[in-house]
Amino acid sequence: MKEDEPNGSNLDGRIYTVLAFFLAGLFLLINMPIFVPAHRGVDQNGYLVGGKMLARHGSMAYRTLDPVTGENDPLLFVGRMWVGYDLDNSSARFYPKYPIGLPALYAAALNMGGEVHGVSAAYWVSPVSMALGVLAVFFLVRLVAPPLYALLASALMCASPLVGWVTHNPNSHASNFLFAAWGLYFLFAWWKNNTFPRAFLADFLTGYAATIRYTDVLLILPILLVVYFNRKEKEPTKRSIMRTAALIISWAAPVGVLLAHNMIAFGSPTGYEATNESVGFSWEFFTNNWDNVLYQLNAYGMLLTFPLGLAGMVAIFWWSWRKGLVIVSWVLPTTLVYSAYYWSPEGLGFARFFLVLLPALLMSMFWLMSTLGRKIGGEYQPQGRPSSVSLAVTAFVVLVAMSVGMRSVALRSGEAYLERFLLDQNARILAGFASPHSVVVSEDRSLMHHLQFVSDYRLYGTEFFSARSVAGLKHVSMTDPAGWQPQQRVAIYEMLKDCSQRDLDLRLRGIIDAALDSGETVLYVRRAPKRDRKTGKTGSLIRDAVAPKQGYITKVVARWPGKIPSPYKRIRGGGWKA
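Under my numbering, residues 195 to 772 are what the sequence shown spells out, in order.
Pasting the structure below:
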């Protein structure tokens, strides 16, 4: 790889490298005050609880077994992102439909943190991954632009609304970004200096990224291009063939483990076949989504600077068509795949799919800005220093984008922090009321997502004890892509379709009776009261939890005497009383 050396002395380069490490550390330090080990999300439930099962049993499988009878209890809470097998018999089991890479990281964190610090360690995976990913951006951009520009690229990355959103989000994107960004850095570094350790790290890290997000299997394309461009001889020798084979194997090893796991657990290459999402791609979706993709990359990914990234990605072919082709092979396939995806709402929920592309766009943008600054007398001089005017313009663009981005990050982070804080506090209050294997019944699925990870409560959602909710389960397509596995809906509906509301009440009553008979506590949890629009006041989730009459948490501490009326009547009447 014949490449322009970064401008400036070696001393300057070392100083900027130290500053890049400082920036990554500062990013992590700034995020520490808003760290809370809690999240309400359904995707996050799949990853975290999958990791919990993996840490405990060596498998992500979750079985809905009643600890009292040892029999299958199909009404126990299962997150919507889990797919079930053998649903009609006692061997029913559920797996998160996601790949095993991130649950494996959570399992390692839980084991290292132990009983006391395991949950917090798992929730630190995303912030630490994001900080290290920001550092990878510096090293990537430094390969094509002076180190000061690389530092500006890292700073711009820190202020991205998308980065702010995923930093405290225990889904797959921060950790995936870490492995992909560093893997591609080592790929470019290997292209420049042909050494086996760099090649091994490039292939293994990008391969592991594919075990976190399936679509990162597409990163094999830039790897294959660099393998081809980096060959030393036109006629391959035995040594070069063996070296290339070793590199491909280092990428294929984690991917092969993923495929082996999926075939054993799902009987298919991914868990998405069970929800038809593996075929949820079409030209029709693409024609509806492509403009939304461009908008979201500009609004949430590279705020105000995305056009410069696109322009740089085109212009870089003028400097080196090989580099341009590798960068395009990094960006274009993933963009096309997700542009054709059936699920594409506006907002960060969809923009997150493109996080892994930002380093490539930043490389292109800052290559362009530094190159324009090295045009001296109308003639391009690769080793010329960017002019002070070019540097000033670049810094101005970055500062404007950062100021707008940081405002968005601050607003969103404040709201998300409050949500996580209240969720964590309510889980802690419940822990003060409950024994380790208490029964918790709730209509609040968000709370259940979190409790399933941080506790061993027996969780029951209220929807399966409502005749109206059960009747709604029959309206399901077995072929359309969907988040919730249609077979689960059908299995629950077939089991409960002939039950009246009284029958469902008796089922819930039986669960409560059995728990109380075995000496366990039973808790009913309902949602917090909504904000009063006139007064602007709302009940404190924490205060209401302590004062059950006001309604966030209602606790049953003893068996009710005599015949127990419908629990739903007791809820409407102000709570269950001993």
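Don't be surprised by glycine CBs; every beta carbon is placed ideally from N, CA and C.
The segment 342 to 361 in contact with the segment 593 to 607 per 3-pair CB rule at 8 Å: yes
Cβ pair Val-421, Thr-400 closer than 8 Å: Numbered from 1 along the sequence shown, position 227 holds the residue referred to as residue 421. Numbered from 1 along the sequence shown, position 206 holds the residue referred to as residue 400. Against a cut-off of 8 Å, the Cβ pair of Thr-400 and Val-421 comes out as no contact.
Test item: CB-CB of Asn-370 and Ala-403 under 8 Å: Translated into positions along the sequence shown, residue 370 becomes position 176. Translated into positions along the sequence shown, residue 403 becomes position 209. Yes, they are a contact pair.
Residues near Ser-734 in its chain [Cβ-Cβ closer than 7 Å; skip 5 each side]: On the sequence shown, residue 734 is found 540 positions in, with the first residue counted as 1. Reliability of the predicted coordinates at Ser-734 is poor, the pLDDT of 37 falling under 50, and no value is obtained from them.
Length of the line joining the Cα atoms of Leu-497 and Phe-475: Within the sequence shown, residue 497 is the residue found at index 303, counting from 1. Within the sequence shown, residue 475 is the residue found at index 281, counting from 1. Near 27 Å, if we compare the C-alpha coordinates of Phe-475 and Leu-497.
Bridge partners - Asn-266, DSSP secondary structure assignment: Counting from one through the sequence shown, the residue named residue 266 turns up at place 72. Leu-259, per the DSSP bridge assignment.
Secondary structure of Gly-278, DSSP reduced to three states: As a working note, residue 278 is residue 84 in the sequence shown. DSSP places Gly-278 in strand when its eight states are reduced to three.
Exposed unless 16 or more other CB atoms sit within 10 angstroms - verdict on Thr-729: Here the question's residue 729 lines up with position 535 in the sequence shown. Confidence at Thr-729 is low in this model, with a pLDDT of 49, below 50, so the placement of that residue should be treated as unreliable; the coordinate-derived value is given next. Looking at its Cβ environment, which holds fewer than 16 other Cβ atoms inside 10 Å, Thr-729 is exposed.
Minimum C-alpha distance to Leu-296 - residue among Leu-356, Tyr-256, His-367: Here residue 296 corresponds to residue number 102 of the sequence shown, with the count starting at 1. The residue with the shortest Cα to Cα distance from Leu-296 is His-367.
Buried/exposed call for Asp-397, threshold 16 Cβ in 10 Å: The residue labelled residue 397 in the question sits at position 203 within the sequence shown. Buried, by the Cβ-count rule.
Phe-475: first and last residue of the uninterrupted alpha helix (DSSP H) it sits in: The residue you call residue 475 lines up with position 281 of the sequence shown. Here Phe-475 belongs to no alpha helix (DSSP H), and DSSP marks it neither H nor E.
Segment contact flag, the segment 231 to 246 with the segment 649 to 663, C-beta cutoff 8 Å, min 3 pairs: no
Alpha-carbon to alpha-carbon, Phe-460 and Leu-690: Taking the sequence shown and counting its residues from 1, one reaches residue 690 at position 496. Taking the sequence shown and counting its residues from 1, one reaches residue 460 at position 266. In a straight line, the C-alpha of Leu-690 is about 26 Å away from that of Phe-460.
Contact check, Glu-714 vs Val-664, beta carbons under 8 Å: Working through the sequence shown from its first residue, we reach residue 714 at position 520. Working through the sequence shown from its first residue, we reach residue 664 at position 470. Contact flag unset, no.
Distance between Leu-593 and Ile-417 (C-alpha atoms, nearest Å): For this step, residue 417 is matched to residue 223 along the sequence shown. For this step, residue 593 is matched to residue 399 along the sequence shown. If you take the alpha carbons of Ile-417 and Leu-593, they lie about 34 Å apart.
Outcome for Trp-477 when other beta-carbon atoms lying within 10 angstroms are tallied against a minimum of 16: Indexing the sequence shown from 1 puts residue 477 at position 283. Result: exposed.
Under 8 Å between C-beta atoms of Tyr-536 and Phe-479: Taking the first residue of the sequence shown as 1, we reach residue 536 at position 342. Taking the first residue of the sequence shown as 1, we reach residue 479 at position 285. Yes. Within cutoff.
Coarse secondary structure for Val-212, derived from DSSP in three states: Position 18 of the sequence shown, counted from the first residue, corresponds to residue 212. Helix.
Check whether Leu-304 and Lys-386 have beta carbons under 8 Å apart: Here residue 304 is taken as the residue at index 110 of the sequence shown, counted from 1. Here residue 386 is taken as the residue at index 192 of the sequence shown, counted from 1. It is not a contact, given that the beta carbons lie outside the stated cut-off.
Reduced DSSP category for Val-633 - H, G, I as helix; E, B as strand; rest coil: The residue labelled residue 633 in the question sits at position 439 within the sequence shown. Here Val-633 sits in strand by DSSP.
Neighbour-count burial assignment, Asp-697, 16 or more Cβ in a 10 Å radius: Numbered from its first residue, the sequence shown carries residue 697 at position 503. Flag for Asp-697 reads exposed.
Counted within 10 angstroms of its Cβ, other Cβ atoms place Ser-284 as buried (16 or more) or exposed: Translated into the one-based positions of the sequence shown, residue 284 becomes position 90. Classification for Ser-284: exposed.
Cβ separation of Leu-441 and Phe-394, assumed to be a contact under 8 Å, to the nearest whole Å: The residue labelled residue 441 in the question sits at position 247 within the sequence shown. The residue labelled residue 394 in the question sits at position 200 within the sequence shown. Their Cβ separation, rounded to whole angstroms, is 7 Å, which keeps Leu-441 and Phe-394 in contact under 8 Å.
Inter-residue CB distance, Trp-561 and Ala-339 (contact presumed, cutoff 8 Å): Position 367 of the sequence shown holds residue 561. Position 145 of the sequence shown holds residue 339. Indeed they touch by this definition, with Cβ atoms about 5 Å apart.
Buried or exposed by the 16-neighbour rule on C-beta atoms within 10 Å, applied to His-643: For the purposes of this step, residue 643 is taken as residue 449 along the sequence shown, with counting starting at 1. That one is buried.
Which of helix, strand or coil DSSP assigns to Leu-667: Position 473 of the sequence shown holds residue 667. Of the three classes helix, strand and coil, the one that applies to Leu-667 here is coil, per DSSP.
Minimum C-alpha distance to Leu-556 - residue among Tyr-300, Val-319, Gln-695, Leu-345: For the purposes of this step, residue 556 is taken as residue 362 along the sequence shown, with counting starting at 1. Taking only the C-alpha atoms, the option nearest Leu-556 is Leu-345.
Status (buried if at least 16 other CB within 10 Å, exposed otherwise) for Met-773: Missing from the structure shown is residue 773; the chain here goes from 195 to 772 and no further.
Distance CB(Ala-330)-CB(Pro-527) smaller than 8 Å: Position 136 of the sequence shown, counted from the start, is the residue given in the question as residue 330. Position 333 of the sequence shown, counted from the start, is the residue given in the question as residue 527. Cβ distance not < 8 Å, so Ala-330 and Pro-527 don't count as in contact.
Per DSSP, the bridge partner or partners of Pro-290: One-based indexing of the sequence shown puts residue 290 at position 96. In DSSP, Pro-290 forms a bridge with Trp-276.
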